[in-house]
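The next block holds one structure in the form of structure tokens; read it before the comments.
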Amino acid sequence: MEVALLVISVLLIIIVLLQSGKAESAGQIIQGGNSDLFTNRKERGLELFISRLTMLLGVAYFALALFISLK
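Using the numbering used here, read the sequence shown as starting at 27 and increasing by one per residue.
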């Protein structure tokens, strides 16, 4: 079980690093630039897949960690 938790955690780290930066223009907000940070962007294609995979891996990590702690 611990090996599965380790594999899921490494995959989760990799997937999070692959996500596009939604706060890439956060520096412009501080400087008074265009505030496109809080606009609604629709995820499509690979970005949607990565987002859903991140959620799935996060839920799996949480459930597995909870299961191991109760064991």
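Glycine is no exception: its CB is placed at the ideal position from the N, C-alpha and C atoms.
If you're wondering where the values come from, they're calculated on a predicted model, not measured in any experiment.
- Each of Leu-82, Gly-71, Leu-74 and Phe-93 was checked against the Cα of Leu-37, and the nearest Cα belongs to Leu-82.
- The DSSP-derived three-state label of Ser-46 is coil.
- The beta-carbon separation of Val-33 and Thr-80, rounded to 15 Å, does not stay under the 8 Å limit for a contact.
- Taking the Cα of Glu-73 as reference, the smallest distance to any Cα among Tyr-87, Ser-46 and Ala-86 is reached at Ser-46.
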